């Protein structure tokens, strides 16, 4: 992910230079693509700067990340991303807190992306946020008919760390209850989701 800091997605010229340098370094290695997102102060996709990033990244794949969900208008943002060109994916919750809360908006994005994207440069809508075994079924049932091909999930759990000495009353920027915990992908959670995906996709005649 090309992101020089936490916080908003409005970057200074110096921060943009850091992002471009990161891309130059990453391109030395056999990676498939990058994830990035840049907005204007008004909450729109920063077309000029995003195009600069895309041009620097190609031929790597480029995914516009969930900065998309912080834009003022999801259809306007989608059109801008399509017009920039060179972006193969949009990672989005559907402009809401979670995917399952934003099915209607995601359906609109799938339909619009299919209409706007070209055969020479297809665009994948990649739903992500709150995808788990409890939510995956309605997501699949609603979006598979519209062309859903990929999902994003962490599948993670907080595990207690193995530090024996734990200094109290001094933190490193996370909540007190997470100070000594480790976030780790949970194979069981991922497996549960995969099992449901297999079943539902078979009902729809889709290969996984």
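Residue numbers (my numbering): 749 to 956.
Each residue gets a CB set at the ideal place from its N, CA and C atoms; glycine is no exception.
Only a predicted model underlies this, so the values are computations on that prediction, with no experimental measurement involved.
Taking the Cβ atoms as the reference, residue 846 lies roughly 5 Å from residue 877, within the contact range of under 8 Å. Here the alpha carbons of residue 942 and residue 834 stand approximately 30 Å from one another. Taking the Cβ atoms as the reference, residue 829 lies roughly 6 Å from residue 838, within the contact range of under 8 Å. Residue pairing of residue 781 in beta bridges, as defined by DSSP: 809. In the assembly as shown, residue 875 is a buried residue. Its beta-carbon has 16 or more other beta-carbons within 10 Å. Secondary structure in the stretch 885 to 913: the beta strand (DSSP E) runs of 3 residues or longer, each lying completely within the stretch, are 904 to 908 in chain order. Under the three-state reduction of DSSP, residue 860 is assigned to helix. Counting only runs of 3 or more residues that sit fully inside the stretch 754 to 802, the beta strand (DSSP E) segments are 781 to 784, in chain order.
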